[in-house]
Every structure is written in C-alpha cells, then in structure tokens.
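**Q** So that we are looking at the same thing, I have put the structure below in structure tokens.
In my numbering, the protein residues as written are 223 to 744.
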C-alpha cells in the first residue's frame, strides 16, 4: 500500500543524521529518483531500468558486470546505481535519505531498512511476496526462522535478505605433529587440554632448545581469550539459556571462566601478547611456536599449505571441542544465517512490481546459480549436473574477491541465497574434514548466535545508550583480571553491582522483549 508523501518525508528527516538545515529545504522535493522508462526489449521482453542505492567502498561493484548483465537478459531489469562514489557508507546513506529523492531500490543493512520502512520510506512486501515472488515465498515457507527474523517490529517485511548457507564456521585447532612428538593423546576434556598445553609449554615440541612455545593463541584481540570461556560453560555476549536471553558477562559462570583464564595466562599457557598482537596465526605458526587456537576452519587450515616450506612438519588440524567442566561438548561458533544486509523497494517507486519480480529471480534455481557461481562457460562449467568452478577461478588467492571483481557474483548486499558448495570447492580437505565432524556429531550449538532481532525505535534508542558503557566496562574489567591487575574473587560482586548500575538488566530485558516478538510471529 502506498504511503503518504508527508509520512515518507518525515521518515527521511528523522533517519538522516546530517545537518538539520537539510530538513527544511526538502519539503516540496519529495519525488523518487527512478526512471519512468518501460519498454519492449529486443526479444519482446518488457524492460525496466531501476535506480538503486548500492554503496561500494572498494569501488569494484559495477551494475554492468557479467552477472547483472545476464540477469538483465533474463528479467528485463537493468540497474542504475545512484550511490555516491567514495566516502563513508553511513554518510552516503544519510545523504541519500536527506536529499528528498529516493531510488527504486535501497540495498543496505536490514535493521536500517526496517527502521525507515516503518516510517514510510519503504513499501511493505508481505502481499507482493505472496502474489509475485513464488521462489522467495517457497523459501520462507521452508525456512520459518528466516520469516520471523526479517519481519519488522510492526509485522511487515520491508527487506529481502542475504541468506548464508552452511552452519559450521569456527572450531578448535591443535598441532597434531606436536602431540605425536610428545606421545600425547588428543585432549577430550578441559582438564586434558590443560595438561596438553602445559606439555607444549615445557617439553620443547618445536625442538629448538628454547622455551618459546605459545600453547594457546588467538589471531587478534577482538575475540582473544573469550574463545576459551565455553570450557567453563561461560560466554562473553548474549546467548539463550533456558528459553531466555542472558548476558554472559553478568552470569555467575563468567566468574569461573575468567578466573581460570587468568590462571592459564599467569602460567604462560596463553599468548602473553594476546591483547596487542595482530596476525598471530601468521606470526606464531610461521615461526613454529603456536600450539593451539580456536578460529575459522577454512582460513586456519590453509596455513598447513601456505607454510609447508617454512614449517615442513606443520600438521595443524581441527579437533572436537574439549568437554567443558559440566561435561558438555559444544561449539559456540556458528555461521550466521543472515548477514545483516538486504534490499527493499521504496514506497514511492513506480516500479514496485518490477522490483519484486526482480528480487524473486535471484531465488530461482537459475538466479541462485548465477549469483553464486557467475557465468557458465566462463567462471564455471556444469559437471554431473552441478556447477564446478574453472581452474582459473580456483587458482586465485582470494576466490570470493575475484568473483566479485571479475564477474559481479556473490555481491554481499543483495537479497539472495548463498550456496555453500561454492565455498566448499576452494576449502581444503583438512578444513572440510573438521566441518564434517562438527556437523555430523551435532556439536554446533544454536544458542550462541541469536536470531537477528528487530527492535522498536524506542528500544534501539535505549540500546544505543546502554551498549557502549556496559560492553566497555565488562571488557576493561575482564582484561584487568586476566592480566593479574585485580583478583577475580575479590572484585566480582562489585563488578556485577556496577553492571546493574549501568543498566544491564534493562539491556537484557530489551533483548528478551524483542525475542518474545520474534517467537510470536506466525
């Protein structure tokens, strides 16, 4: 249903965070930036040229790429990108909103699209999906969790999302060559893992006569020591417990976890530079001092090949998570089903139906293959009924980046469905074996990657006020404890009191209110 122009204008002025002077000058200019051209193509297909906002900070996305050209042949729809070149994404988005002119399609973060949609800038797609998008409707009917996730707080669907495929993302890695050299078994519990790390520290498995081994490392300080917390049934962020969302750093298990991590750090089992070191895998695996980590399957397993000349005995392999102190064997890392990006159609567009049909094309078998693999005969061939990348594609150092630049495939801000078999083709056997083990043994937990929750405008405002101060306080205190600046036992109750004073219980309640709405969607 079309929205009134005044409502649309109000949404633009509220959403844009540019100079307030823009708000008064656009009152009479609320028109859409879309072409009125609609004609018959050379083969008699109805054609439409739709304008789109698709910001590309890398400058490699082209609307005349081979993939989008092929899509135009098949759908009759061509795209004209109106996003400003260069600059910063949020600024470009805000300027687009504040300009008073909107393109036919906006490709951006789905949370932002839901926000401006609720204020009138985007057309609700619920009815259009039922009538004009059979492929996407079929997907939603078979993936109810996605329908719930993309439904905004007001009950409407404003954005078609990018949906990832596959579940495994991260896992535990260990030096099998060091285990063999020291005649150690693969650790199966947290206590056994602790003993293995001590052996790595003390028994010179790299054979250089120095006590320079780093038993546990993390690639950077973003996750850092937090990847060890599940060994004590703790977590560093929100997760689902007994049907409710809880904030891990406010739970009592966090105390046990951070106490033990501090102990391991003091004993030299954790990289002493874990808070400051970058590219730890490259550095510590490259100088043959790293013993174990928790990281992404594909990229971590690749070091076995890339370092084969420098560290010929390197055998860095995935292994099942050590059982926690409660006996649970579980993996908290899971590939997020929704990336947070998608696209929607503006309420004032004169090509809403064309846009919805175009969106739906990418969910057809032909469209999905085009999105994931590119152009048949150029980037892939069909082998036994399945697309297989050419050797030229697979020989690239960064396959995904190459597909984006050379063909326009795998554009991350489109509303489309990824096919894991594209990634599987350039993932090495060591990683694939680990992925299979984690999936076959049902190790990957569903509780630690929350569904994308849709917050009301008021809730989001409160989250913006609470998140920074709460997360910053928790992170600073955790680092102080790990590095020995304060005793955990002595300071934990005061820490929880301060979190409460900072509003952590309201923080948690907002998440649970949004989660309750998510669960109630039929």
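A virtual CB, placed ideally from N, CA and C, is assigned to each residue, including glycine.
Quantities reported herein were computed from a predicted structural model and do not represent experimental measurements.
Straight-line CA distance for residue 595 to residue 359?
**A** Distance between the alpha carbons of residue 595 and residue 359: 23 Å.
**Q** Can you give me the C-alpha to C-alpha distance between residue 562 and residue 625, rounded to a whole angstrom?
**A** The straight-line gap from Cα to Cα measures roughly 21 Å.
**Q** So, under 8 Å CB-CB, residue 460 and residue 470 are touching, yes? Tell me the CB distance rounded to an integer number of Å.
**A** Going by Cβ atoms, the distance from residue 460 to residue 470 rounds to 7 Å, so yes, they are a contact pair.
**Q** Taking the Cβ atom as the reference point for each residue, do residue 681 and residue 716 lie within a distance shorter than 8 Å?
**A** Not a contact, by the Cβ cut-off of 8 Å.
**Q** Can you tell me whether residue 495 is helix, strand or coil according to DSSP?
**A** Of the three classes helix, strand and coil, the one that applies to residue 495 here is coil, per DSSP.
**Q** Go ahead and pull the three-state DSSP assignment for residue 584.
**A** Residue state, collapsed to three classes: coil.
**Q** Roughly how many angstroms separate the alpha carbons of residue 699 and residue 483, rounded to a whole number?
**A** Distance between the alpha carbons of residue 699 and residue 483 is about 13 Å.
**Q** What first and last residue would you give for the beta strand (DSSP E) that runs through residue 437?
**A** Per DSSP, residue 437 belongs to the beta strand (DSSP E) from 436-438.
**Q** With DSSP as the reference, label residue 736 as helix, strand or coil.
**A** It is helical.
**Q** Just to confirm the assignment: which complete alpha helix (DSSP H) runs, minimum length 4, are found wholly within the segment 388-450?
**A** The qualifying runs are 398-403 and 412-424.
**Q** Report back the beta-carbon spacing between residue 274 and residue 301 to the nearest angstrom; my notes put them in contact at under 8 Å.
**A** Rounded, the Cβ-Cβ distance is 5 Å, consistent with contact.
**Q** Less than 7 Å between the CB of residue 440 and some heavy atom of the ligand HEM, yes or no?
**A** In the structure shown, the ligand HEM is absent, as is every other ligand, since no ligand is present at all.
**Q** Check whether the Cβ atoms of residue 384 and residue 400 lie closer than 8 Å to each other.
**A** Not closer than 8 Å, so no.
**Q** Which word fits residue 368, buried or exposed, when buried means at least 16 other C-beta atoms lie within 10 angstroms of its C-beta?
**A** Buried, since its Cβ has 16 or more Cβ neighbours within 10 Å.
**Q** Below 8 Å, can you find three or more Cβ-Cβ pairs linking the segment 695-712 to the segment 639-657?
**A** No contact exists between the segment 695-712 and the segment 639-657.
**Q** Between 744, 505, 692 and 574, which has its C-alpha nearest residue 720's C-alpha?
**A** Cα-wise, what sits closest to residue 720 is 692.
**Q** With contact counted as at least three CB pairs below 8 Å, one residue from each stretch, are the segment 395-411 and the segment 658-678 in contact?
**A** At 8 Å Cβ cutoff, the stretches do not touch.
**Q** Could you say which of 503, 434, 435 and 476 lies nearest to residue 448 if we only look at CA atoms?
**A** Of the listed residues, the one whose Cα sits closest to residue 448 is 476.
**Q** By the DSSP assignment, the beta strand (DSSP E) with residue 466 in it spans what residues?
**A** Residue 466 -> beta strand (DSSP E) spans 466-469.
**Q** Taking the alpha-carbon of residue 390 as reference, which of 498, 485, 540 and 411 has the nearest alpha-carbon?
**A** Of 498, 485, 540 and 411, the residue nearest in Cα terms is 540.
**Q** Pick helix, strand or coil for residue 728, following the three-state DSSP scheme.
**A** Note: residue 728 maps to helix in three-state DSSP.
**Q** Note the first and the last residue of the continuous alpha helix (DSSP H) segment covering residue 334.
**A** Residue 334 -> alpha helix (DSSP H) spans 332-340.
**Q** Under a three-way DSSP split, which group does residue 556 fall into?
**A** It is coil, neither helix nor strand.
**Q** Please state whether the Cβ-Cβ distance between residue 327 and residue 639 is less than 8 Å.
**A** No, Cβ-Cβ distance for residue 327 and residue 639 is not below 8 Å.
**Q** Per the DSSP calculation, residue 302 is bridged to which residue(s)?
**A** Its beta-bridge partners are 273.
**Q** Going by the beta-carbon positions, is the gap between residue 729 and residue 688 smaller than 8 Å?
**A** Closer than 8 Å, so yes.
**Q** If you count every other CB in all the chains shown that lies within 10 Å of the CB of residue 450, and 16 or more means buried, which is it?
**A** Classification of residue 450: buried, given that the 10 Å Cβ count is 16 or more.
**Q** Relative to the alpha-carbon of residue 548, which residue among 363, 714, 454 and 617 has its alpha-carbon at the smallest distance?
**A** The option with the nearest alpha carbon to residue 548 is 454.
**Q** Taking only three categories from DSSP, how would you classify residue 648?
**A** Reduced to three states, the DSSP call for residue 648 is coil.
**Q** Where does the unbroken beta strand (DSSP E) through residue 384 begin, and where does it stop?
**A** Start and end: 382-385.
**Q** Is the CB-CB distance between residue 743 and residue 373 below 8 Å?
**A** Yes, Cβ-Cβ distance for residue 743 and residue 373 is below 8 Å.
**Q** Keeping to the same chain, check which residues put their C-beta closer than 7 Å to that of residue 661; ignore five residues upstream and five downstream.
**A** Within the same chain, residue 661 has close Cβ partners 389 and 390.
**Q** Answer with buried or exposed for residue 375, where buried requires no fewer than 16 other C-beta atoms within 10 angstroms of its C-beta.
**A** Classification of residue 375: buried, given that the 10 Å Cβ count is 16 or more.
**Q** Using a Cβ-Cβ cutoff of less than 7 Å, which residues in the same chain neighbour residue 348 once the five nearest sequence positions on both sides are dropped?
**A** Cβ neighbours of residue 348 beyond the five flanking positions: 378 and 379.
**Q** With 16 other CB atoms within 10 Å as the buried threshold, where does residue 318 fall?
**A** Residue 318 comes out buried.
**Q** So, is residue 444 buried or exposed, given that buried needs 16 or more other C-beta atoms within 10 angstroms?
**A** Flag for residue 444 reads exposed.
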